[in-house]
């Protein structure tokens, strides 16, 4: 059955997901508050700022009116930066008239509250207006999905009916979706891997090679798992698509904004210089603050996260920080807490 999906956020990922939905026979409508961008989508059928090579189907419409996007929609897909999710969710809640499945395809933790995106949606959109909350996450870059490169990700929800409906919406011969009940683990994996990707980019910027990268990914996964498990995640989630899968792709690909940002930092640029030049949101830069504070609150050892926090916000020297990490007290890998 043809389904109308309101895609809230017309960046690279929102546009790529809208393309998949349209090719699967559904009716996505892209919402953005940037008039020039929507005009380009509707008239030129391009979104050159975010996906310069993509020709957008004429069946995909854009709008700057949130009410128009939501009217008749059965699914609302949030693809906006974490920092504005709560504000946008409030606006959506005011306009919804029927129950919809809420899907988040963004990855991060809210500043101050440290809450996951699905929690924000549940807090701001009343239960009588939602038919389940699903996190769509996994190893994926919009640039590759936009050209039908093989992509496999996870639809996670405590409501399996909602997860399976989202699975059916997106599945095709180049995009495969698995379901997962552990939305807690999926969202922590999605958010925290951006921190480790900053570190991977910094290592590359400093000239370190594959040995260092593999060590960072492996020990980074240990940190992600420790924090997620402390909040009730299933340990097995972190060896799945939204855990190690997403971590690998984000730490090894030049498509990753977080890797690119880390690479610039490794080459000597300040965080302000990096954020000013990127043009797109670098979620890891804000997520590291939330993770750092959560780790201290829960008394969880996260030395890599702490090191990246110190480099970004305490002006710690990158090379000296790496040396300090390497010279920590000897540990056993088995059951190691740090």
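Residue numbers (my numbering): 1132 to 1469. Even for Gly, the Cβ is constructed at its ideal location relative to N, Cα and C. Since the model is a prediction, treat every value here as computed from it, not as a measurement.
For the pair residue 1321 and residue 1280, the CB atoms are not nearer than the 8 Å cut-off. Secondary structure of residue 1162 (DSSP, three-state): strand. The alpha-carbon of residue 1365 is positioned some 7 Å away from that of residue 1313. Here the alpha carbons of residue 1395 and residue 1140 stand approximately 27 Å from one another.
Annotation: the continuous beta strand (DSSP E) that includes residue 1284 extends over 1282 to 1287.
Residue state for residue 1135 is assigned as strand, using DSSP reduced to three classes. Residue 1207: member of the beta strand (DSSP E) spanning 1206 to 1209, first to last residue. Counting along the chain, residue 1311 sits inside the beta strand (DSSP E) bounded by residues 1306 to 1311. According to the DSSP assignment, residue 1268 belongs to the beta strand (DSSP E) that extends over 1261 to 1268. Under the three-state reduction of DSSP output, residue 1235 falls in the strand class.
Collapsing the DSSP output to three states places residue 1150 in a helix. For residue 1154, same chain residues with a beta-carbon under 8 Å away, outside a window of 5 residues either side, are 1188 and 1303 in chain order.
A contact between stretches requires three or more CB pairs, one per stretch, nearer than 8 Å, and the segment 1438 to 1455 meets this requirement with the segment 1396 to 1405. Inter-residue distance for residue 1336 and residue 1307 is about 33 Å (C-alpha atoms, whole angstroms). Distance from the CA of residue 1257 to the CA of residue 1224, rounded to the nearest whole angstrom, comes to 7 Å.
For residue 1181, same chain residues with a beta-carbon under 7 Å away, outside a window of 5 residues either side, are 1142, 1143 and 1146 in chain order. Its chain contains 1326, 1327, 1330, 1347, 1350, 1351, 1354 and 1456 as the residues whose beta carbon lies nearer than 8 Å to that of residue 1435, once the 5 sequence neighbours on both sides are disregarded; these appear in chain order. If you draw a straight line from the Cα of residue 1233 to the Cα of residue 1369, it comes to about 23 Å. Bounds of any alpha helix (DSSP H) do not take in residue 1462, whose DSSP letter is neither H nor E. About 7 Å separates the beta carbon of residue 1235 from that of residue 1267, a gap short enough to meet the 8 Å contact definition. Residue 1452 carries a helical assignment under DSSP once its states are collapsed to helix, strand and coil. In this structure, the CA atom of residue 1426 is about 22 Å from the CA atom of residue 1381.
1157 is the residue among 1149, 1319, 1404 and 1157 whose C-alpha sits nearest the C-alpha of residue 1132.
When the Cα atoms are used, residue 1388 and residue 1341 turn out to be separated by approximately 20 Å. Residue 1195 is a Cβ neighbour of residue 1164, given a cutoff of 8 Å.
With a contact defined as Cβ atoms closer than 8 Å, residue 1271 and residue 1282 qualify at about 5 Å. Excluding its 5 nearest sequence neighbours in each direction, residue 1409 has C-beta neighbours in its own chain below 8 Å: 1388, 1391 and 1392, listed in chain order. Boundaries around residue 1194 are those of the beta strand (DSSP E), 1192 to 1194, since no alpha helix (DSSP H) includes it. Shortest Cα-Cα distance from residue 1333 to any of 1149, 1400 and 1221 involves 1400. Cβ neighbours of residue 1204 within its own chain (closer than 7 Å, five residues either side excluded): 1135, 1136, 1137 and 1231. Residue burial is scored here from C-beta neighbours: residue 1338 has fewer than 16 other C-beta atoms within 10 angstroms and is therefore classed as exposed.
In the three-state DSSP reduction, residue 1178 falls in the strand class (E or B). For residue 1244, the number of other beta carbons within 10 angstroms of its own is below 16, and it is reported as exposed.
CA-to-CA, the gap between residue 1358 and residue 1260 works out to about 31 Å.
Counting along the chain, the unbroken alpha helix (DSSP H) around residue 1377 starts and ends at 1377 to 1383. Within the same chain, Cβ atoms closer than 8 Å to the Cβ of residue 1385 are found at 1391, the five residues on either side in sequence being excluded.
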